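Here's the structure, in structure tokens; my notes come after.
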Amino acid sequence: MPDAEADSVEDIAIGDLLALASRMYDEALNGDMISPLPQLRALREAQGPVIWGTGHDFGDLHIPPVFQRIGGARTALVTDFDDVTRVLREEDTFLQDGYADMGGDTLIHLNGAAHQRLRRLLIPTLGPRAVRDWEAQFVPDVLAGLLEPLARMERSNLLDALCNPYPVRVFRRIMDLPEADTDKVHALGVLQIAASASPEARRYAVHLADYVRLHFRARRALPIEELRERRDLISLLAMCGEGDDRLAEGEAVATLQLMVTGGVDTTANLLANALWYLLDDHRWYERVRDDRALVPRVVEETLRLQPSGGNFELRIATRDTAIQDVPIPRGTPVFTCEATANRDPKYWQDVDTFDPSRPPRQHLAFGQGPHTCIGMHLARMEVRVALNAVLDRFPSLRLDPAQPRPEIRGFMFQHPTALPVLLR
Ligand code: HEM
527 MPDAEADSVE DIAIGDLLAL ASRMYDEALN GDMISPLPQL RALREAQGPV IWGTGHDFGD
587 LHIPPVFQRI GGARTALVTD FDDVTRVLRE EDTFLQDGYA DMGGDTLIHL NGAAHQRLRR
647 LLIPTLGPRA VRDWEAQFVP DVLAGLLEPL ARMERSNLLD ALCNPYPVRV FRRIMDLPEA
707 DTDKVHALGV LQIAASASPE ARRYAVHLAD YVRLHFRARR ALPIEELRER RDLISLLAMC
767 GEGDDRLAEG EAVATLQLMV TGGVDTTANL LANALWYLLD DHRWYERVRD DRALVPRVVE
827 ETLRLQPSGG NFELRIATRD TAIQDVPIPR GTPVFTCEAT ANRDPKYWQD VDTFDPSRPP
887 RQHLAFGQGP HTCIGMHLAR MEVRVALNAV LDRFPSLRLD PAQPRPEIRG FMFQHPTALP
947 VLLR
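Sequential numbering from 527 applies to the sequence shown in our numbering.
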């Protein structure tokens with residue numbers, strides 16, 4: 527049940543709810559920042575591989591308070607690729623602990639055996655087979671619904687016309703929710719992300735749990751034969767597990783919230799960033815249009831430069847340890863920075879240049895180790911299919927010279943401010 531402080535979302539027009547969600551997301555997580563990179567690089571230069579701070583504050587750099595329970599502790603921040611990889615991989619030494627409560631245990635709240643059990647249950651629900659089915663069943667339809675209206679237009683803003691509505695429409699189909707609820711689910715998901723740093727957003731976001739619980743209960747009430755025929759995500763969760771080891775309702779509800787929160791705007795940011803890179807230097811748009819083998823590499827290069835799932839993660843040191851000979855006492859909260867790790871000159875040349883033709887190399891945008899993103903097949907598929915559809919339909923697409931040149935901005939989640947384009 528929503529708490530007594532919860533604000534009703536039913537009284538707000540859906541357009542206003544989306545605008546409210548977007549404002550709270552940007553205020554809570556992105557501020558006015560263009561990019562935290564210059565400050566991070568200056569701190570790395572001055573302090574070496576381990577940057578020390580207090581709570582979320584590192585000198586002038588204030589990481590939005592998305593991670594809980596670290597208060598005013600002395601905190602460390604690591605920026606190099608090898609250090610970030612190690613912290614994310616070594617669960618025994620660096621424990622996942624700091625995400626805001628979602629009313630139940632989810633993958634991001636658990637470690638060790640409990641985490642492995644839940645991952646084993648959930649991985650097939652978002653695995654390559656499910657993603658292939660969804661791609662064949664409805665992703666082209668969703669894209670056609672968004673791109674066909676543009677065929678009659680000269681210009682558009684692809685952020686509003688495509689990037690923002692697309693992943694939530696796919697998700698709505700994946701979960702087989704009523705079409706009329708698409709924008710509500712989107713707004714609640716965005717509010718839930720902002721909720722970790724904004725009490726105001728939390729008052730609305732609590733309704734997401736009620737919403738997904740309602741639908742989960744309806745699926746669980748269906749006969750098993752019917753559930754087996756349905757291939758939607760909520761039905762897959764309702765069947766998840768065997769014998770005594772089934773997914774509990776609380777686990778399923780929290781997991782659905784996590785997926786809506788982690789799987790919608792991240793993918794929208796990735797698509798918007800990829801289009802921005804292709805259009806900002808139009809030679810890339812033309813080259814990729816004529817050589818589609820480059821599309822998956824555009825996706826990876828965009829993830830490297832803009833890790834659309836957030837620039838930072840948090841772990842807690844479970845024992846005294848050291849990073850590059852710098853002692854890290856037990857109990858220290860350790861931030862990892864994927865944004866700098868993915869631009870580590872040890873592994874990439876011309877680190878700030880967008881170059882999808884560079885030799886492929888593993889980046890850290892989907893994390894690493896036990897908590898690696900389980901939605902990565904879905905995200906990659908969605909963006910690959912969308913980019914191909916745009917390249918097919920709009921071979922002459924370019925940024926609208928009559929509009930201000932858009933820029934990628936943000937702190938936790940970077941994305942373009944707009945994508946004004948000429949469509950032909
Ligand atoms: C561009 C898109 C995406 C990016 C960049 C991204 C990034 C990430 C990252 C960095 C993590 C690791 C967090 C950590 O180590 O603390 C993660 C975990 C996770 N992601 Fe994604 N994600 C994306 C899309 C998705 C989608 C589409 C879904 C689901 C539908 C999803 C669901 C999850 C879940 C459930 C976890 C937790 C895994 C665990 O803790 O075991 N993500 N994601």
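C-beta atoms are modelled at their ideal positions from N, C-alpha and C, and glycine is treated no differently. Bear in mind the structure is a predicted one, so any value in this text is a computation, not a measurement.
Mind checking which residues open and close the beta strand (DSSP E) that includes residue i?
i, result
"residue 600", "600-604"
"residue 652", "Careful: residue 652 lies outside any beta strand (DSSP E) and carries neither H nor E."
"residue 683", "681-683"
"residue 947", "946-948"
"residue 860", "859-863"
For residue i, count neighbouring C-beta atoms within 10 Å of its own C-beta (all shown protein chains included) and say buried if the count is 16 or more, exposed if not.
i, result
"residue 857", "exposed"
"residue 653", "exposed"
"residue 489", "What the structure shows of the chain is the stretch from 527 to 950, and residue 489 is not part of that stretch, so it cannot be assessed."
"residue 808", "exposed"
"residue 894", "buried"
"residue 530", "Summary for residue 530: the model assigns pLDDT 46, below 50, so the residue's position carries little reliability, and this model does not support an answer."
"residue 544", "buried"
"residue 898", "exposed"
"residue 679", "exposed"
"residue 568", "exposed"
"residue 933", "exposed"
"residue 740", "exposed"
"residue 793", "buried"
"residue 580", "exposed"
"residue 527", "Only weak support exists for where residue 527 lies, its pLDDT of 43 falling under 50; the value from the coordinates is given anyway. So residue 527 counts as exposed."
"residue 834", "buried"
"residue 839", "buried"
"residue 590", "buried"
"residue 842", "buried"
"residue 931", "exposed"
"residue 951", "This structure leaves residue 951 out entirely; the chain is present only between 527 and 950."
"residue 682", "buried"
"residue 704", "exposed"
"residue 879", "exposed"
"residue 642", "exposed"
"residue 851", "exposed"
"residue 640", "exposed"
"residue 586", "exposed"
"residue 706", "exposed"
"residue 728", "buried"
"residue 541", "exposed"
"residue 598", "exposed"
Taking the alpha helix (DSSP H) that residue i falls in, what are its first and last residues?
i, result
"residue 955", "The shown model of the chain, from 527 to 950, leaves out residue 955, and the question about it has no answer."
"residue 577", "Where residue 577 is concerned, there is no enclosing alpha helix (DSSP H), although the beta strand (DSSP E) it sits in stretches over 576-580."
"residue 697", "691-701"
"residue 740", "733-746"
"residue 666", "665-673"
"residue 535", "Neither: residue 535 is in no alpha helix (DSSP H) and is coded neither H nor E."
"residue 718", "708-721"
"residue 553", "That residue, residue 553, is in no alpha helix (DSSP H); it is neither H nor E in DSSP."
"residue 907", "902-919"
"residue 647", "638-648"
"residue 705", "Taken as a continuous stretch (DSSP letters only), residue 705 belongs to no alpha helix (DSSP H), as it is neither H nor E."
"residue 568", "563-573"
"residue 754", "750-755"
Could you tell me which residues DSSP puts in a beta bridge with residue i?
i, result
"residue 768", "771"
"residue 942", "934"
"residue 924", "948"
"residue 583", "580 and 588"
"residue 854", "847"
"residue 621", "842"
Any beta strand (DSSP E) of 3 or more consecutive residues that is wholly inside the stretch 776-852
838-843 and 847-849
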